[in-house]
Amino acid sequence: MSRFSAHIDGIALWSPTLPGWAAARSALRGEAPPADPPLPIPAPSQLPPAERRRAPQTVALSLAAAHEAVAACGHDPAQLLAVFASAHGDLPVIDELCRTLVHTPTLVSPTRFLHSIHNAPAGFWSMLTRNGQANTSVSGAAHSFAHGLLEALVQCEAEQRPVLYVAYDTAAVGALTHTTRSQGALAVALVLAPQAGSATSARLDWQLSPGAGDPPATRSPAAQTLSHNAMAPALPLFEALAEEQAARLRWPLSAHQSLDLLIAP
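Note that the UniProt record's numbering has the sequence shown beginning at 1, numbered continuously upward.
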């Protein structure tokens with residue numbers, strides 16, 4: 001199959017134990033321990049105070065990663081295409097809505113319903129950055145990171161424009177813990193560009209391959225502490241980027257096809 005290329009101009013990773021790419025990079029390289037105690041997810045400072053207080057975890061988490069990645073690359077956020085991916089959406093908000101529907105159905109909050117929609121983080125990003133470009137929200141269960149990354153790579157190649165890719169998931173709570181195993185909070189972000197520039201840190205050569213197989217495994221103790229989050233399949237890519245070494249990674253997209261990635265620093 002054909003092989004294509006994209007360039008990484010911005011990188012971000014945020015979790016309570018790896019709060020930002022600088023801290024994550026050091027921890028993934030084994031140069032520093034994860035944050036202890038874990039830090040709270042930062043409230044989106046760009047929102048008005050009332051909205052900031054109500055912002056759910058997914059919005060705060062994804063915006064923390066998105067803003068860090070864009071700040072690192074220098075691209076105008078208002079001009080970026082954007083792809084957001086999450087396996088489960090905002091599980092705490094969904095649990096809250098379900099409990100309200102069971103006990104006091106007439107008190108369902110329209111605001112909380114808005115926060116439960118899968119593309120809520122993408123919508124907040126568009127409004128805060130005054131971005132009128134197309135954005136896409138992706139969910140693919142256990143393959144969500146790979147499907148979102150493929151969507152961002154395809155848009156970058158097809159449109160020949162920079163694309164922001166943000167992938168995030170939080171912990172299941174309440175009754176959802178019986179059906180959904182995600183734990184902790186993790187968001188990652190990349191700004192992908194069709195051509196190398198002054199901010200480029202790595203090149204991604206990619207293609208679709210037949211067959212599935214297992215997703216790549218994490219190697220560092222810091223990454224393994226996040227292995228129970230639904231977005232943990234992203235971590236091997238960020239380990240490779242932290243180590244600044246060439247690597248080949250492959251993620252299943254389905255039972256019949258995989259995303260094959262070569263990383264060149």
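Positions of the beta carbon are idealized from the N, C-alpha and C atoms, including for glycine.
Item, Value
"Collapsed DSSP secondary structure at His178 in the structure displayed", "helix"
"For Gln79, three-class secondary structure by DSSP", "helix"
"Whole-Å CB distance - Pro210 paired with Gln257, under 8 Å assumed", "6 Å"
"Residue span of the alpha helix (DSSP H) that contains Ser126, given as start and end", "120-129"
"Residues near Gln155 in its chain [Cβ-Cβ closer than 6 Å; skip 5 each side]", "Leu81, Val163"
"Assumed close pair Ser116, Val138 - CB separation to whole angstroms, cut-off 8 Å", "Actually they are not in contact, since the Cβ atoms of Ser116 and Val138 sit about 17 Å apart, beyond 8 Å."
"Whole-angstrom distance between Arg99 and Arg248, CA atom to CA atom", "44 Å"
"Pair within 7 Å by beta-carbon distance, Ala172 and Leu226", "no"
"Contact under 7 Å by Cβ, residue 282 with Leu186", "Residue 282 lies beyond the stretch modelled for the chain, which goes from 1 to 265, so this question has no answer here."
"Length of the line joining the Cα atoms of Ala66 and Val83", "11 Å"
"Simplified DSSP state of Ala12, which is helix, strand or coil", "strand"
"Pairwise C-alpha distance: Ala202 and Ala167", "19 Å"
"Chain-order list of residues whose beta-carbon lies under 7 Å from that of Gln79 (same chain, five-residue window excluded)", "Gln133"
"Among Leu253, Ser220, Ser5, Asn131, nearest to Pro33 - alpha-carbon criterion", "Ser220"
"Assigned exposure category for Gln245 - 16 Cβ within 10 Å defines buried", "exposed"
"Range of the contiguous alpha helix (DSSP H) that encloses Ile263", "Taken as a continuous stretch (DSSP letters only), Ile263 belongs to no alpha helix (DSSP H), being part of the beta strand (DSSP E) at 257-264."
"Cβ distance (whole Å) where Thr111 is taken to contact Arg54 below 8 Å", "6 Å"
"Cβ-based burial, Phe145 [other Cβ within 10 Å; buried from 16]", "buried"
"Cβ-Cβ separation, Leu190 to Ile8 (assumed contact under 8 Å), whole Å", "6 Å"
"For Ala212, the three-state DSSP class (helix, strand or coil)", "coil"
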